[in-house]
Amino acid sequence: MPDVPAISICIPAYNRARFLPALLDSIVAQDFRDCEILICEDRSPERAEIGEIARRYQARRPGLIRYLENDRNLGYDGNLRHMIEQAAGRYCLFMGNDDLLCPGALEAVRGAIGRHENVGVVVRSYASFADAPENVIQEFKYFPDERFFPAGEQTIATVFRRSVVISGMVVHREAARAVATDRFDGILLYQLYLVASICVTMNAVFLPQILTLYRTGILPDFGSSDAERGKFVPREHTPESSLHFMRGMLDIARHVEETRGVRIYRPILRDIANYSYPVLAIQARKPVG
0 MPDVPAISIC IPAYNRARFL PALLDSIVAQ DFRDCEILIC EDRSPERAEI
50 GEIARRYQAR RPGLIRYLEN DRNLGYDGNL RHMIEQAAGR YCLFMGNDDL
100 LCPGALEAVR GAIGRHENVG VVVRSYASFA DAPENVIQEF KYFPDERFFP
150 AGEQTIATVF RRSVVISGMV VHREAARAVA TDRFDGILLY QLYLVASICV
200 TMNAVFLPQI LTLYRTGILP DFGSSDAERG KFVPREHTPE SSLHFMRGML
250 DIARHVEETR GVRIYRPILR DIANYSYPVL AIQARKPVG
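Quick note on numbering: the sequence shown equals residues 0 to 288 in numbering that gives the first Met the number 0.
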């Protein structure tokens, strides 16, 4: 493996140890070799199990996997930022520790980066599944073909909402480091801040092929870190958490507009208004009040 791999596959790990081997198998099975796997465990109750799995795979594939353990629970946003700081690759590709990488995904990402100049963000297509990867529920393919988006306001507004799910999201590592901040810790949307900030000066590419499988049907563990406590409740989807989530999207858009001089708040607000159903739908069984 070269000293500076093309891609660091960044896996923020908190619980869900039973799903991690399947993810690692899906990565190891890739033909692409110019990469590293970085697992960062965020002081979860399942730390021992996650560590044992990571060491088992390290023994099988020496030099491919780096495993880190946080001294304290950083939370979702803080752990993403920490992984970007620790990653060695030119690009960081994020995977939830219960997701799966589809065959050929890494080669597709490298191809897109090679075909276009000054790529800061790669937006991928993905599919959601329940229980088994054969049980695909929905495909998320925003455009029918590969598309290049030049840096600027229109691109930010286009890719912003389409970057909520981190499974397979790709960002330029040094560009992400350059804009690092803890301002939005506890919002669970650090990736949106990165995408908006990076695309002020760097281009984006959309890939139409399904690169990742995103597992559904499991309640989230958010709400354990200091930054998340009081905003999210572990293993629950509260109405307050959905409101906080959507408010956070707009706070990020407003901040980037004010600090980077790009007029993105109103276009992003309109886009979220048009496609807010997925965020609200998880509350469908709650009383109207």
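All C-beta atoms, glycine included, are put in the ideal place defined by N, C-alpha and C.
- For Arg146, same chain residues with a beta-carbon under 6 angstroms away, outside a window of 5 residues either side, are Phe205 in chain order.
- One thing to note: Pro233 has its Cβ within 7 angstroms of the Cβ of Asp220.
- In the displayed model, Arg54 falls within a helix according to three-state DSSP.
- Pro11 is a Cβ neighbour of Cys39, given a cutoff of 7 angstroms.
- Annotation note: the stretch 120-165 contains the following uninterrupted alpha helix (DSSP H) runs of length 4 or greater, listed N- to C-terminal: 152-159.
- Around Pro266, the same chain offers Ala156 as residues with beta carbons nearer than 6 angstroms, after the five sequence neighbours per side are excluded.
- With respect to Ala104, Leu210 sits close: the two C-beta atoms are nearer than 7 angstroms.
- Partner residues in the beta bridge of Pro11, as assigned by DSSP, are Cys39.
- When the alpha-carbon of Ser162 is set against those of Ala179, Asn134, Ala203, Phe183, the nearest one is in Ala203.
- Your pair Ile136 and Ser124 does not check out as a contact, with CB atoms roughly 14 angstroms apart and the cut at 8 angstroms.
- In this structure, Phe159 lies near Ala195, with their beta-carbon atoms less than 7 angstroms apart.
- The straight-line gap separating the alpha-carbon atoms of Phe148 and His171 is approximately 15 angstroms.
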